[in-house]
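Engineer:
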Amino acid sequence: MSVSQFDLSAFEEEAHEKWTHSFESNPSKLEKYYLNVAFPYPSGAMHVGHGRTYIVPDVVARYQRMKGKQVLFPMAFHVTGAPVVGISKRIANKDEKTIRLYRDLYRVPQNVLDEFTDPLTIVKHFANEYQRVMTACGLSIDWRRRFITVDPTYSKFIEWQWKHLYEAGHVIKGVHPVRYCTVDDNPVGDHDLLEGDKAEVIKFTLVMFRFGDAFIPCATLRPETIHGVTNLWANPTVTYVKALVDGRAWIISKEAAEKLVLQDHTVEIREEIKGSDLVDKKVSHPLCGEVPILPAEFVDPDMASGMVMSVPAHAPFDYIALRDLQQAGKYTTIKPIPLIKVEGYGEVPAQFAVEKAAIANQMDSRMDALTQEIYSAEFSKGKLFAQYGGKPVKIARDEVAELMTEKYDSVVMYEFDQRPVICRCGNRVKVKILHDQWFLKYSDPAWKQEVSDHLKDMALVPPEVRVEFDRTVDWLKDWACTRRVGLGTRFPWDKQQLIEPLSDSTVYMAYYTIAHKIREIDPKLLTPEVFDYIFLGKKSDDLPQKKKLDAMREEFLYWYPYDFRFSAKDLISNHLTFQIFHHCTVFEGQKKFLPKGMVVFGMGLLNGAKMSSSKGNVFLLEDAVSEFGGDTVRMFLMGSAEPWQDFDWRNELVLSTKKQIERFYNTVMEIKDASGEPHDIDRWLMSRLQEHIARTTEALDNFQTRQALQEAYFGIETDLKWYRRRMPKDCDGSRDLHTLCSVWTRLLAPFIPFTGEHLWKEMAGEGLISFAPWPVADKKLVNEKIELAEELLARTVEDIESIRKLIQITPKSITIALAPAWKHDIFRMIATASDRNSVIKEIMKDENMRKRGKEATDAAKQCTTLIHRLPPYVVEPLAREPINEKAVFDSAKAFLEQEFGVPVHIVEAEGSGLVKALTALPFKPAIIIE
RNA sequence: GGGAGGAUAGGAAAGCUGGCCAACUCCGCCGGACUUAAGAUCCGGUCCUUAGUGGUUCAUGGGUUCGAAUCCCAUUCCUCCCA
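Numbering (our numbering), first residue to last: 230 to 1159.
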């Protein structure tokens, strides 16, 4: 008895035992199916959102396996990059927040946590955790092929890959601005920031105003507004410095002087100048003439050069600052100078906008939004006045910047678009220009062309993402591909640097095919020639361990290219596109090895809010599995949304999923051994079953896990309910139910493999259900007539119930009156008519109909309505051939009487003498309850 | 700012090559049956109205059409990506 109890954790234990090496997959005679997932960066524990990412491909893998394919589903761990280095530092520094996250949320034991001061220990720990939890989820992964991206062997593979990229001319050297901490003396990654992780580096133009023998540089994003400059702003409370920058005298804030050093300038500070001493002095620029310096306390010395040029006609801040001064009776001769015409903002846009929004002073919180609004409006729609060239702002901006750089000493200065940006160490982050920065030249049009050509031949799921890929390829710019900190493979042409994490994980899908075998060879022997041989078939002398290489070559040729890659949609604009670029280069001229398809996922929500480890809004996958069971988690994640849609995890919904599995299990256990003789209703059940098989198969072919579950689970369950209702009281069901159970269990096996294995054993199925044959729909068992008869019966039962509810009397008998043959004729004529409007005329031409007069036209109208109302799968067969309604109801008489507990009479409407019987229509008999 | 997608019952979600659509299905809730009870299961209900009917609905406003949740335009809001 205890064996047949529904006990998920017992099933799980049983299955794990059977599966130990089952999913290790080798080349064989069978057709192959290779799928893979973007590998995880194991810096923390898995949450349920991760669960779906790996369960969807597992369902597909299991499905394809049952279809008889040789399936490869590998997994590895991406440990390269900087984040984990930051984490280890924070743990070493006893950062409370980080420690709490790892100790309390991820539940890392203290003795392990103590070791986390070493970054590699962190990723290795969580890689093992990942494997453990993935296994608990029933993922059918070939773990022999597991690797991490800092394995020496893998590094050799990366070096080989980059050699090809380099030789193809895709790796170039350039300069690059980065966030930089001068205390740590290192670039700062997102995860190393205390504040300002959204800040971006913006390229400003320094407009050089002449001030005696020196320059005063003002940073701007809008150099074209130089024509409208009325003054500069200096902060009277700030101490400025006069410094020799690249040999020429500049007046800038102290902070700016420090920043310029990081941006390729030599800076020697000569003297300090008080801001107040600058006020009311004059400066000049060839494009705007002489203007005064005005005082303004809003000027931030830590923003770019610490001096600001004022364009009151187009910048709300400048406008208000000037207005405030003038209201105090100062500088009243200065007038805003408009220079850009923009529709809908009057003569002086800044003034117009400020007045429209009724902004009182500089402190108004809407100022930033307003500035942004004007900036955007002028950029997209604005045009310079004719005297300044008349060009659109979009074009003029770059032209003016170029002119200033060439003729008027302007230079570029990088600064953040928002502040403050603060490092973990508490120091202000600055922008530094890095030299020796290497780039992947994704901007290369020829390379783009190869990628976009191949993209056309790839299967993309869902199809809507194709435009996003096309756009990404179109827009992609050069990508900085080396870093100075973190874990990773050394960059071959500059050993001081590392290959950046997104750039070292683009062709590893090929590496999976040989990962378990290449380990046997000493990494020192893994020259590029070795990989050239394995992956490209290029022969060369002195290849080591030729036999092993041949075996690897064979694996690669068998598995590659991969059939589908699964990944979340936020990777479209980088990783998923990069990997196509890299494949195109590495497998240059070998189109048959390029990726075949991709499935892109939506995001995960927890109780309606976005999942986020840092905010603590996560539910750990491990907890979910132990609380609800692996099958429950799987079925919930697969059934709540299609893979590419966002899904929402809610515990109460998960709980009801568990009940569903239990219901399924109990039902199967109860009926699997039924042995009665089949009735008509069994033929109906078998007929319906074929459709569920076909639809489930089709859904899975399209990766629609939700649709597939809907068909395979609820579709069959609903049929069974009707089936049991239709069974005579004393009958336990026929031996056909055994077939149904076998099919049903197999259809669900990819989703709930643990329960599947257990039931398979209970049903004495051969081998493991994981490798059992996928059911195939048998067209011969589809019986349209029987389905139609049941449909008629079900609809009639429904009608009787709704009438009974309405009249609220205790019925003594029910009479079902069937429509006469001539109404069937009308029905058929209308259903087959090409023009349903004129068909009534046609009908009335008939002698027999005409003599019935109004009765016939009424019936025709009602039939038309009915035909519109019935689904096509009912109308079509009825149009071909009427069904024998009398026979249907006669044989169901016992059922109906049992259902309603009163005598049921079946009569022909015509000649019954009942008034209500006249409303009888084909497929809709009249019902008289007394 | 540029790009992509979306807005349907209490929640989730199907339908979206125009007529079958008050709208598959699941969850929740309400009522009933079974049960000592709970749970499970089964039946019914869940916009208004009603002898199985009819009406009003699918973010808002407009358009195309004999006819639109479904096509087109505008607006509002949401999500994601890039800047």
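Just so you know, even glycine gets a beta-carbon here, dropped at the ideal spot from N, CA and C.
Measuring straight from C-alpha to C-alpha, what distance separates Gly831 and Cys813?
Structural biologist: 27 Å
Engineer: What does the alpha-carbon distance come out to for the pair Glu500 and Ala472?
Structural biologist: 7 Å
Engineer: Out of Phe608, Met633, Phe614, Asp638, which one is the CA nearest neighbour of Ile624?
Structural biologist: Phe608
Engineer: What is the rounded straight-line gap between the Cα of Leu949 and the Cα of Pro907?
Structural biologist: 14 Å
Engineer: What is the rounded straight-line gap between the Cα of Val232 and the Cα of Ser257?
Structural biologist: Residue placement at Val232 is poorly supported in this model, since its pLDDT is 44, which falls under 50; the coordinates still yield a value, given next. Answer to the nearest angstrom: the Cα atoms are 37 Å apart.
Engineer: Report yes if the CB atom of Gly717 is closer than 8 Å to the CB atom of Thr309, and no otherwise.
Structural biologist: Cβ atoms of Gly717 and Thr309: closer than 8 Å.
Engineer: What does a CB cutoff of less than 6 Å around Val362 pick up in its chain, not counting 5 residues either side in sequence?
Structural biologist: Met275, Leu850, Glu851
Engineer: Given Ile563, which residues of its chain have a CB within under 7 Å of its CB, disregarding the five upstream and five downstream residues?
Structural biologist: Thr459, Asn460, Leu551
Engineer: Give the range of the alpha helix (DSSP H) segment to which Ala853 is assigned.
Structural biologist: Element bounds for Ala853: 850 to 857.
Engineer: Quick check: the stretch 294 to 304 against the stretch 815 to 824, are there 3 or more CB pairs under 8 Å?
Structural biologist: no
Engineer: If you follow the beta strand (DSSP E) that Tyr469 is part of, which residue opens it and which one closes it?
Structural biologist: 468 to 474
Engineer: Give me the DSSP bridge partner(s) of Lys612.
Structural biologist: Lys570, Pro621
Engineer: With 16 other CB atoms within 10 Å as the buried threshold, where does Ile882 fall?
Structural biologist: One detail in the question is off: residue 882 reads as Leu in this sequence, not Ile. Residue burial annotation: Leu882 is exposed, with fewer than 16 other C-beta atoms found within 10 angstroms of its C-beta.
Engineer: DSSP three-state call for Ile1156: helix, strand or coil?
Structural biologist: strand
Engineer: Looking only at DSSP bridge pairs, what is Leu669 linked to?
Structural biologist: Val400, Trp708
Engineer: Which partner residues does Lys503 have in the DSSP bridge list?
Structural biologist: Answer by DSSP bridge pairing, in chain order: Thr468.
Engineer: Taking 8 Å as the threshold (C-beta atoms), are Val400 and Leu663 in contact?
Structural biologist: no
Engineer: Excluding five sequence neighbours on each side, which residues of the same chain lie with their C-beta closer than 6 Å to the C-beta of Ser732?
Structural biologist: Cys710
Engineer: Could you name each continuous alpha helix (DSSP H) segment of 4 residues or more that falls completely within the stretch 776 to 839, going from the start of the chain to the end?
Structural biologist: Taking only runs of at least 4 residues, the alpha helix (DSSP H) segments lying wholly in the stretch 776 to 839 are 804 to 815.
Engineer: If you pair each beta-carbon of the stretch 862 to 873 with each one of the stretch 906 to 920, do three or more pairs fall below 8 Å?
Structural biologist: no
Engineer: Run through the DSSP bridge pairs and tell me what Glu519 is partnered with.
Structural biologist: Ser513
Engineer: Which stretch, first to last residue, makes up the alpha helix (DSSP H) that contains Ala1116?
Structural biologist: 1114 to 1120
Engineer: Distance check for Ala463 and Thr434, CA to CA, integer angstroms please.
Structural biologist: Whole-angstrom Cα-Cα distance: 18 Å.
Engineer: Measure the Cβ-Cβ separation of Cys366 and Gly278 and say whether it is below 8 Å.
Structural biologist: no
Engineer: Measuring only from the beta carbon, is Glu1030 closer than 7 Å to any heavy atom that is part of the ligand ZN?
Structural biologist: For the ligand ZN, the structure offers nothing, since it holds no ligand at all.
Engineer: Taking one C-beta from the stretch 1078 to 1094 and one from the stretch 1049 to 1064 each time, how about it: are there three or more such pairs within less than 8 Å?
Structural biologist: yes
Engineer: Of all the options Val829, Glu899, Leu1021, which has the alpha carbon lying nearest to the alpha carbon of Lys286?
Structural biologist: First, the residue type needs correcting, since residue 286 is Pro and not Lys in the sequence shown. Nearest neighbour of Pro286 by Cα position, chosen from Val829, Glu899, Leu1021, turns out to be Val829.
Engineer: I'd like to know whether the C-beta atoms of Leu1099 and Phe1056 end up nearer to each other than 8 Å.
Structural biologist: no
Engineer: So what's Pro271 in DSSP terms, helix, strand or just coil?
Structural biologist: coil
Engineer: Figure out for me which residue from Asp509, Ala1121, Asn803 has the closest Cα to the Cα of Lys559.
Structural biologist: Asp509
Engineer: Got a sec, what are the start and stop residues for the alpha helix (DSSP H) Pro578 sits in?
Structural biologist: 578 to 585
Engineer: Return the CA-CA distance between Lys661 and Val430, expressed in angstroms with no decimal places.
Structural biologist: 10 Å
Engineer: What runs of the alpha helix (DSSP H), each 4 residues or longer, lie entirely inside the stretch 909 to 976?
Structural biologist: 909 to 930, 934 to 938, 945 to 955
Engineer: What's the gap between the Cα of Glu241 and the Cα of Ala311?
Structural biologist: 37 Å
Engineer: Could you name the residues of the same chain whose beta carbon sits closer than 8 Å to that of Met230, not counting the 5 residues immediately before and after it, in chain order?
Structural biologist: The predicted model places Met230 with a pLDDT of 35, which falls under 50 and marks its position as unreliable, so this point remains unresolved.
Engineer: Per DSSP, Val417 forms a beta bridge with which residues?
Structural biologist: Paired residue(s): none; Val417 is not in a bridge.
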